[in-house]
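See structure below.
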């Protein structure tokens with residue numbers, strides 16, 4: 001019975017396995033020599049700078065989105081996949097005889113809700129590394145606040161893995177709560193602080209002898225502790241500065257890869273309640289930087305922060321400066337938007353769209369609730385040919401939905417134009433405001449625009465905008481400069497954004513599950529294939545070549561092909577033995593019996 005079954009094993013299986021393996025070799029080997037054109041950059045004239053500090057910005061995934069704030073990214077997202085029938089019905093006229101099919105169109109689209117963990121969304125938050133009193137810290141760069149704050153010894157709620165500042169090993173000084181010069185007086189009763197000095201200053205709850213600081217952010221996170229004075233090292237520059245030593249924080253204040261926060265806003269935002277000079281103000285006052293200016297260049301893999309100037313080689317277009325729209329005293333870095341937005345060739349008036357705050361601490365492009373509904377209405381009245389946009393129950397134009405759109409779908413969406421002070425247009429293509437997400441072999445796109453009830457008459461230009469444009473904050477001239485961002489001089493394996501470019505660097509490997517390029521020594525893989533790979537035979541190159549739906553079929557086929565080789569060999573020996581037995585039986589049957597002739 002076994003020998004009969006092996007007769008019917010297709011003889012083409014081993015040849016197919018050879019061809020399949022050869023196709024993988026051919027594709028991976030020759031695609032590694034593909035030449036990728038580089039982005040053209042213009043040489044721009046820059047203000048002479050003899051004294052500025054350049055710091056690499058390191059990428060981290062964004063915080064969870066809070067529906068009442070402008071920070072973070074929604075971890076809980078509704079992912080929508082569209083079947084072929086859905087796409088077919090979407091293009092049929094609703095007045096036709098097939099219109100009755102539209103009543104169940106949403107039933108042939110698949111919906112699921114998952115958690116988007118860190119790293120799979122192409123826009124996030126950024127931090128730099130500094131030293132305070134000789135202790136290294138990683139601090140998030142935030143232009144929407146002004147305080148430098150890091151964990152301090154004695155903080156029981158801080159992450160165990162965080163570096164903690166200790167005044168015992170440095171020449172630092174705790175700012176006393178009775179210091180009438182630095183600890184703001186007559187605010188304790190008004191603010192309801194737990195401990196007050198004789199001058200009415202707010203003292204630290206967990207260190208009553210110290211002047212207290214209390215941080216509260218829009219996303220609901222916060223920290224409190226004592227004000228401390230010590231030497232802060234930023235790059236190769238040292239500065240005498242006052243900062244907040246955190247003695248207690250909320251669970252969502254610290255990220256897994258960050259210890260504290262570095263505020264780069266105006267001093268008025270640094271009153272918590274005692275007003276202290278932000279770090280950049282201290283650097284300028286102590287002549288550590290030549291100009292009261294800094295610039296930020298962001299990419300999806302990292303970037304650079306330049307204190308005291310800007311680097312023109314990070315720009316891919318001419319730099320245009322526009323005046324800031326500042327309050328009195330200045331707080332946020334705001335620019336005029338004129339109350340309207342360009343949608344392709346049309347101008348759309350939006351409520352609460354008068355000015356925009358450039359904020360590196362916010363992940364998305366945030367508008368008021370009314371402006372969001374106006375944008376949604378316009379999209380649904382002009383671009384219903386895009387699958388899922390006009391779905392009454394599950395439209396992806398929402399704050400909690402992503403859609404499995406194709407490249408051809410994105411090309412049908414409009415370009416958005418922000419008019420900055422009637423002097424400059426910031427253009428956002430669909431690839432800029434639709435954030436790409438890889439999940440379970442599918443490519444989803446999530447809307448990078450969010451609504452926020454409390455924005456009032458301004459919007460927040462977060463990292464969705466800043467990852468496209470180099471931003472220069474010229475506080476000295478009260479202006480902001482914009483230019484298309486180049487590669488931002490991102491160093492290390494993080495500068496590679498594709499499997500092809502990553503695999504060409506012998507010191508890097510492409511981590512397939514996260515879709516990121518990482519140092520080779522940090523990752524190990526099975527047979528050099530999965531979960532990370534490198535070199536000209538990198539298996540990840542097939543990800544873009546083979547549609548997601550084919551992966552399951554290819555895996556099954558590969559298993560069959562691999563198992564077929566020993567089966568065919570076994571079949572050969574069984575058939576050979578069967579043939580020998582048949583020949584032996586024939587010889588025994590027809591062999592003449594010589595004894596009958598004797």
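Residue numbers (UniProt numbering): 1 to 598.
We treat Cβ as the ideally placed atom computed from N, Cα and C, and that holds for glycine.
Given the structure is predicted, the values throughout are model-derived calculations rather than measurements.
Return the CA-CA distance between residue i and residue j, expressed in angstroms with no decimal places.
i           : j           : result
residue 140 : residue 461 : 17 angstroms
residue 126 : residue 262 : 11 angstroms
residue 223 : residue 156 : 12 angstroms
residue 133 : residue 172 : 7 angstroms
residue 580 : residue 557 : 34 angstroms
residue 457 : residue 372 : 13 angstroms
residue 131 : residue 205 : 26 angstroms
residue 73  : residue 239 : The pLDDT assigned to residue 73 is 45, lower than 50, so where the model puts this residue is not dependable; a value taken from the coordinates is nonetheless given after this. Straight-line Cα distance between these residues: approximately 34 angstroms.
residue 41  : residue 298 : Here the model assigns residue 41 a pLDDT of 25, short of 50, so the residue's position is not dependable, and the following value carries that caveat. One C-alpha to the other measures close to 16 angstroms.
residue 44  : residue 443 : For residue 44, the predicted structure reports a pLDDT of 27, less than 50, and the residue's modelled location is therefore unreliable. The matter cannot be settled from this model.
residue 452 : residue 362 : 12 angstroms
residue 482 : residue 409 : 29 angstroms
residue 128 : residue 488 : 14 angstroms
residue 268 : residue 477 : 18 angstroms
residue 326 : residue 284 : 20 angstroms
residue 309 : residue 383 : 43 angstroms
residue 435 : residue 401 : 11 angstroms
residue 314 : residue 330 : 28 angstroms
residue 459 : residue 334 : 9 angstroms
residue 389 : residue 417 : 20 angstroms
residue 578 : residue 568 : 15 angstroms
residue 312 : residue 187 : 45 angstroms
residue 278 : residue 270 : 7 angstroms
residue 230 : residue 258 : 20 angstroms
residue 253 : residue 559 : 48 angstroms
residue 512 : residue 403 : 21 angstroms
residue 356 : residue 332 : 10 angstroms
residue 190 : residue 275 : 16 angstroms
residue 62  : residue 566 : Note that residue 62 has pLDDT 49, beneath the 50 cutoff, so the model's placement of it is unreliable and the number below is only indicative. Taking the straight line joining both Cα atoms gives about 50 angstroms.
Hey, would you say residue i sits closer than 8 angstroms to residue j, going by beta carbons?
i           : j           : result
residue 321 : residue 307 : no
residue 358 : residue 480 : yes
residue 370 : residue 386 : no
residue 419 : residue 338 : yes
residue 273 : residue 184 : yes
residue 235 : residue 144 : no
residue 303 : residue 152 : no
residue 438 : residue 364 : no
residue 166 : residue 178 : no
residue 228 : residue 214 : no
residue 605 : residue 301 : Here the chain has residues from 1 to 598 only, and residue 605 is not among them.
residue 508 : residue 502 : yes
How far does the alpha helix (DSSP H) with residue i in it extend, from its first residue to its last?
i           : result
residue 282 : 279-285
residue 408 : 407-410
residue 465 : 463-466
residue 433 : 430-433
residue 191 : 188-191
Just list the residues that DSSP pairs residue i with in beta bridges.
i           : result
residue 369 : According to DSSP, residue 369 bridges with nothing at all.
residue 509 : 518
residue 137 : 130
residue 600 : Outside the shown range of the chain, which is 1 to 598, sits residue 600, and nothing can be said about it.
residue 313 : According to DSSP, which records beta bridges pairwise, residue 313 is partnered with nothing at all.
residue 268 : Bridge partners of residue 268: none, in fact.
residue 502 : None, per the DSSP bridge assignment.
residue 273 : 213
residue 321 : 481
Quick one: give me the first and last residue of the beta strand (DSSP E) that residue i is part of.
i           : result
residue 450 : 449-451
residue 479 : 479-484
residue 253 : Unbroken run through residue 253: none, as it is neither H nor E.
residue 417 : 416-420
residue 183 : No beta strand (DSSP E) contains residue 183, which DSSP labels as neither H nor E.
residue 334 : 334-336
residue 303 : 302-307
residue 402 : 401-403
residue 293 : 293-299
residue 341 : 340-343
residue 471 : 469-474
residue 261 : 260-263
If residue i sits next to residue j, beta carbons under 8 angstroms apart, how far is it from one beta carbon to the other, in whole angstroms?
i           : j           : result
residue 448 : residue 464 : 4 angstroms
residue 174 : residue 149 : 15 angstroms between Cβ atoms; not a contact.
residue 378 : residue 348 : 6 angstroms
residue 225 : residue 248 : 7 angstroms
residue 474 : residue 493 : That belief does not hold up - the Cβ atoms of residue 474 and residue 493 are roughly 33 angstroms apart, past 8 angstroms.
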